[in-house]
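J.:
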Amino acid sequence: MNQHETYVRQSIELAISAARKGNHPFGALLVHEDKVIMTAENTVIADNNSTRHAELNLIVKSERAFPPEVLRECTLYTSTAPCLMCTAVIWNAGITRIIYSVSYESLSRLISGGQNYISLDQIYRLLGTEVEFVGPVLEMEGLEAYRLWPGR
């Protein structure tokens, strides 16, 4: 098993944990120097706040705990390719390595809105920032978390 798969599986486990708590099934983690330094789950339902996505929660917690230079050296692993809102937060934190499980295309087939998405790599290109954007990784495993999505 490669390193990406190990961390992507952890992000999927976080997504499953979020869903079991009644939230949307999304999870994310930050890796610095081959060590997980922060994890987060989606808390949209628990916090009654539509912005409480896993990636946004992760960046908020991480910015409080680590200096910007550490965040810029991190790789973000996420159970699903980040949305536009989360992409802006990730970009602002200076993170340029993002590995994901479920693709935009697969997610768009599961939720309302169809093929309406702007990908993280498109946004980074528009902002003139180089990015390593890898995925989907273990997408079939990642899709399993959606079976637990409350109210879907």
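Heads up: the sequence shown begins at 284 in the numbering used here, then just goes up one per residue. Ideal Cβ placement from N, Cα and C applies to all residues, glycine included.
#1: Is it the case that the Cβ atoms of L354 and S345 are separated by a distance below 7 Å?
#2: Go ahead and pull the three-state DSSP assignment for Y360.
#3: When the distance is taken between beta carbons, is L339 closer than 7 Å to C369?
#4: For P365, which option in R303, L341, N285, D330 has the closest C-alpha, if you only look at C-alpha atoms?
#5: Please classify S294: is it buried, with 16 or more other beta-carbons within 10 angstroms of its beta-carbon, or exposed?
#6: I need the boundaries of the alpha helix (DSSP H) containing K344, first residue and last residue.
#7: What residue from S402, L393, S333, E388 has the CA that sits closest to I373's CA?
#8: Using the C-alpha atoms, what's the distance from C357 back to Y387?
#9: Using only the alpha-carbon positions, how far apart do P351 and V414 sit?
T.: If we stick to the structure as given:
#1: yes
#2: strand
#3: yes
#4: L341
#5: buried
#6: 337–348
#7: S402
#8: 22 Å
#9: 17 Å
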